[in-house]
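Single-structure report; data block below.
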Ligand code: MLT
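Numbering (our numbering), first residue to last: 1 to 408.
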């Protein structure tokens, strides 16, 4: 008998961004003459930084006749990239993360979905609502979600995170074993400052909880009081795993490369009460189920840390931030309450408690040919909100704002 994982049947039939893409595709098929401006999924539009292109061309040549051929690589990532990450993303910020605590992957989404493999099935997971849907969907798939009641999963601990908290997640009301935090937040664009993050690290260390810290958008941070890594906070190496991506930093959404940091000092306990290093379990998981990110992608990622690479990445990030600022300003001028668009490429806009996010999505698509992401797709607290991204070109973002003013 082919017995399936029933948990899948509890989830909505499609993943949020697949549903958004399906609706846009359908609209375009029915209205081929209309040009839809994409402001939904956080996908980049600028060409890759030239330094990464050059490095990847060279890496392709390595794989050819007479080159320095690379077959299966280390599952944890090539040493050249792990060293570059340790030096630039950590040592340069005063964090003591070592190269052998860094696990290169094919992106943050996979790691965020897979980390549950190394945790006990009875771990209670806490998430912010609204939040990146992978956190909840992966928790449900793993059997830790319980049942869906009134838009909330009974097995999940929801962190208070709404307009009353300025969309900053608050400490859990009930005990949680694992807390997933994202800063700058997807979808709301809010970012935690040093004090706020310190509160979380102290809480996790006091309660023996694990923080899974999604910092995929750290390169959009410009305020000095907002940490780019959780390891800037003392004690984080004892309670936190950090997940990062080259997708939004260097435009690698189509190349695929990210990494996860699991410090040696981070320990969990077995059912017999014995202490184990989480890093060893993650290493075992990755060596079993993953064959490493591609050599070519990793050479491209390495080039992000060259002097030209850094300059080019900064220019691209600044380009997208200009869009985000324009979106924020336009919506504010139109009288909407907005979050994000500062230290984040996402702008989160309220249309009032009674508004239906999917109806707003349909209306913007039909009347203005702009695609957004419906806030309710990120959780019950997202109802009445939409998320717009700064990842399109200047021209299309300006045009989208013109259409928005006409439509609303
Ligand atoms: C988003 O739009 O939320 C992200 O781009 C989706 C992702 O990174 O998987």
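Cβ atoms here follow ideal geometry from the backbone N, Cα and C, with glycine treated the same way.
At the level of alpha carbons, what is the spacing between residue i and residue j?
i	j	result
residue 5	residue 11	11 Å
residue 368	residue 406	8 Å
residue 138	residue 398	36 Å
residue 125	residue 111	16 Å
residue 75	residue 44	27 Å
residue 118	residue 343	32 Å
residue 431	residue 295	Not covered by the structure: residue 431. The range shown for the chain is 1 to 408.
residue 14	residue 175	31 Å
residue 121	residue 145	10 Å
residue 42	residue 298	22 Å
residue 273	residue 28	57 Å
residue 17	residue 372	10 Å
residue 402	residue 328	13 Å
residue 282	residue 82	16 Å
residue 191	residue 184	4 Å
residue 212	residue 351	31 Å
residue 61	residue 255	17 Å
residue 267	residue 311	38 Å
residue 218	residue 238	21 Å
residue 70	residue 134	32 Å
residue 400	residue 353	24 Å
residue 337	residue 357	15 Å
residue 26	residue 404	21 Å
residue 408	residue 362	13 Å
residue 220	residue 105	21 Å
residue 193	residue 59	39 Å
residue 396	residue 257	27 Å
residue 236	residue 208	12 Å
residue 64	residue 7	45 Å
residue 230	residue 30	47 Å
residue 140	residue 173	21 Å
residue 19	residue 335	29 Å
Under 8 Å by Cβ, that's how I've got residue i and residue j pegged, so tell me the actual separation to the nearest angstrom.
i	j	result
residue 48	residue 340	In fact, because the Cβ distance is near 25 Å, the residues do not count as touching under 8 Å.
residue 292	residue 113	So it is not a contact: roughly 17 Å between Cβ atoms.
residue 170	residue 161	7 Å
residue 107	residue 247	6 Å
residue 485	residue 360	The requested residue 485 does not occur in the structure, where the chain is confined to residues 1 to 408.
residue 315	residue 331	In fact, because the Cβ distance is near 25 Å, the residues do not count as touching under 8 Å.
residue 260	residue 241	6 Å
residue 392	residue 129	So it is not a contact: roughly 27 Å between Cβ atoms.
residue 347	residue 189	6 Å
residue 102	residue 86	6 Å
residue 214	residue 180	7 Å
residue 253	residue 313	14 Å between Cβ atoms; not a contact.
residue 262	residue 285	Not confirmed; about 10 Å, so no contact.
residue 178	residue 210	5 Å
Please tell me whether residue i has its Cβ less than 9 Å away from any Cβ of chain D.
i	result
residue 230	Among the chains in the structure shown there is no chain D, since it carries only a single protein chain.
Is it right to say residue i is buried, meaning 16 or more other beta carbons lie within 10 angstroms of its own, or is it exposed?
i	result
residue 270	exposed
residue 9	exposed
residue 289	exposed
residue 167	buried
residue 32	exposed
residue 92	exposed
residue 244	buried
residue 333	exposed
residue 22	exposed
residue 287	exposed
residue 2	exposed
residue 384	buried
residue 165	exposed
residue 68	exposed
residue 84	buried
residue 50	exposed
residue 276	exposed
residue 410	Because the chain is modelled from 1 through 408, residue 410 falls outside the range shown and cannot be assessed.
residue 77	buried
residue 142	buried
residue 94	exposed
residue 34	exposed
residue 96	exposed
residue 116	buried
Under the criterion of a Cβ to heavy atom distance below 8 Å, does residue i qualify as lining ligand 2?
i	result
residue 183	The model on display carries ligand 1 but not ligand 2.
* How do the segment 150-167 and the segment 300-307 stand: do at least 3 beta-carbon pairs fall below 8 Å, yes or no? -> The segment 150-167, when compared against the segment 300-307, does not touch it at the 8 Å Cβ threshold.
* Asked: Below 8 Å, can you find three or more Cβ-Cβ pairs linking the segment 295-304 to the segment 371-388?
  -> The answer is no - the segment 371-388 does not touch the segment 295-304, with fewer than three Cβ pairs under 8 Å.
* When the Cβ atoms of the segment 387-404 are set against those of the segment 324-338, are three or more pairs found closer than 8 Å? -> The segment 387-404 vs the segment 324-338: in contact.
* Asked: Hey, is the segment 223-243 in contact with the segment 187-198, meaning 3+ C-beta pairs nearer than 8 Å?
  -> With a cut-off of 8 Å, the segment 187-198 and the segment 223-243 count as touching, because enough Cβ pairs lie within range.
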